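Colleague: Mapping the sequence shown onto numbering that gives the first Met the number 0, position 118 (from 1) lands on 117, and the numbers just tick up by one.
For glycine and all other residues, C-beta sits at the position ideal for the given N, C-alpha and C.
Source: prediction; values computed, not measured.
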Amino acid sequence: MELGRLEYLQALVTEFQVTDSPGKPRAPLLADALRVERVSSRTRCFSVAEAKEQVLANLANFAYDPKNYEYLRQLQVLDLFLDTLTEDSETLVEFAIGGLCNLCLDKTNKDYILEANGVEPIINCLSSSNEETVMSAVTTLMYLTTPQSRQQTTALPVVECMLRFSLSASRRLRNLATVFLEDYCTPLQVEEARNPSKHTAVGIPLPKD
């Protein structure tokens with residue numbers, strides 16, 4: 000095991016989880032993230048929220064590399080990402096779903112997410128106004144689709160969302176939704192979702208263009 004890599008990932012997880020409360024010291028790297036910097040000739044101080052976003056973005060980036068999968072599982076980063084999907088911060092949610100999207104390419108990670116009831120919070124990301132979050136959520140649902148999970152990943156509300164996304168002004172989202180409908184849904188599912196009397200996704204907004 001590459002101890003240096005594991006230790007660094009552990010430091011990132013610790014930084015993200017640390018709270019900025021009286022009497023509780025900040026993790027060293029988080030403190031560095033809060034340092035005052037000069038940006039465009041102006042002094043700027045990073046907030047705790049911005050520092051957490053930077054740390055989570057780093058964790059999501061490490062999720063690209065299969066070499067890190069075992070370490071990230073050991074550090075329970077999949078749970079961290081899943082828990083973050085319910086945060087109020089759109090930026091944190093974007094990085095969390097992006098990390099899950101990277102991780103679920105691996106079968107062990109995919110099985111863990113499915114067993115942890117991760118599909119529901121991922122589906123909830125389809126209502127985000129952040130297009131990157133929605134794109135990652137759609138892609139993650141594709142990766143998570145198995146014969147056993149298909150009933151949940153292609154449930155009626157999901158198919159209805161995909162029909163709406165297929166009409167989006169965003170070409171990326173429009174194309175991705177079309178692939179989902181054609182490759183992951185049956186014609187009967189699509190037909191049923193087109194039936195107004197059975198709609199259940201009313202009120203779910205399209206991402207902003």
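Pull up the distance between the alpha-carbon of Q151 and that of V118, whole angstroms please.
Modeller: Looking at the two C-alpha atoms, the distance is approximately 7 Å.
Colleague: By a C-beta neighbour count over all protein chains shown, 10 Å radius and 16 as the cutoff for buried, is E114 buried or exposed?
Modeller: By the 10 Å Cβ count, E114 comes out exposed.
Colleague: Given this structure, state the Cα-to-Cα distance separating Q9 from L155, to the nearest angstrom.
Modeller: Going by the C-alpha atoms only, they are around 40 Å apart.
Colleague: Which ranges would you report for the alpha helix (DSSP H) in the region 104 to 162 if only whole runs of at least 4 residues count?
Modeller: Taking only runs of at least 4 residues, the alpha helix (DSSP H) segments lying wholly in the region 104 to 162 are 106 to 114, 118 to 123, 130 to 143, 149 to 152.
Colleague: Looking only at its chain, what residues have a beta carbon closer than 8 Å to the beta carbon of G98, apart from the 5 residues adjacent to it on each side?
Modeller: Excluding residues within five positions, the ones whose Cβ falls inside 8 Å are L55, L58, A59, A62, V76, F80.
Colleague: Between S169, Y183, L180, F15, which lies nearest to N129 when the distance is taken from Cα to Cα?
Modeller: Looking at the Cα atoms, S169 is the closest of the given residues.
Colleague: If V92 and S126 are in contact, beta carbons under 8 Å, what's the gap, nearest whole angstrom?
Modeller: Their Cβ separation, rounded to whole angstroms, is 11 Å, which puts V92 and S126 out of contact at 8 Å.
Colleague: Candidates E89, T138, R4, N108: which alpha carbon is nearest R171's?
Modeller: Taking only the C-alpha atoms, the option nearest R171 is T138.
Colleague: Our contact map puts K106 next to Y142 with C-beta atoms below 8 Å; I'd like the distance itself, whole angstroms only.
Modeller: With 8 Å as the limit, K106 and Y142 do not qualify as a contact, their Cβ atoms being about 10 Å apart.
Colleague: I'd like the list of long-range same chain contacts for G22, defined as Cβ closer than 7 Å, with 5 residues on each side in sequence excluded.
Modeller: Any answer about G22 is weak, because its pLDDT of 45 lies below 50 and its placement is not dependable; what the coordinates show is given next. Answer for G22: no residue qualifies.
Colleague: Which stretch, first to last residue, makes up the alpha helix (DSSP H) that contains L55?
Modeller: Per DSSP, L55 belongs to the alpha helix (DSSP H) from 47 to 61.
Colleague: Considering only C-alpha positions, which residue in the set L166, S167, L180, R163 is nearest to L140?
Modeller: Nearest C-alpha to L140: L180.
Colleague: So, with DSSP's three-state summary, where would you put P24?
Modeller: Legend: pLDDT at P24 = 48, less than 50; position of this residue unreliable, no value from coordinates given.
Colleague: Rounded to the nearest angstrom, how far is the Cβ of L162 from that of R193, given a contact under 8 Å?
Modeller: Their Cβ separation, rounded to whole angstroms, is 7 Å, which keeps L162 and R193 in contact under 8 Å.
Colleague: Smallest Cα separation from D64: which of I122, C103, Y111?
Modeller: If we check each option's Cα against that of D64, C103 comes out closest.
Colleague: Quick one: Cα of D31 to Cα of F94, how far?
Modeller: With a pLDDT of 49 at D31, under the threshold of 50, the modelled position of that residue is not reliable, and the figure given next carries that caveat. Straight-line Cα distance between these residues: approximately 21 Å.
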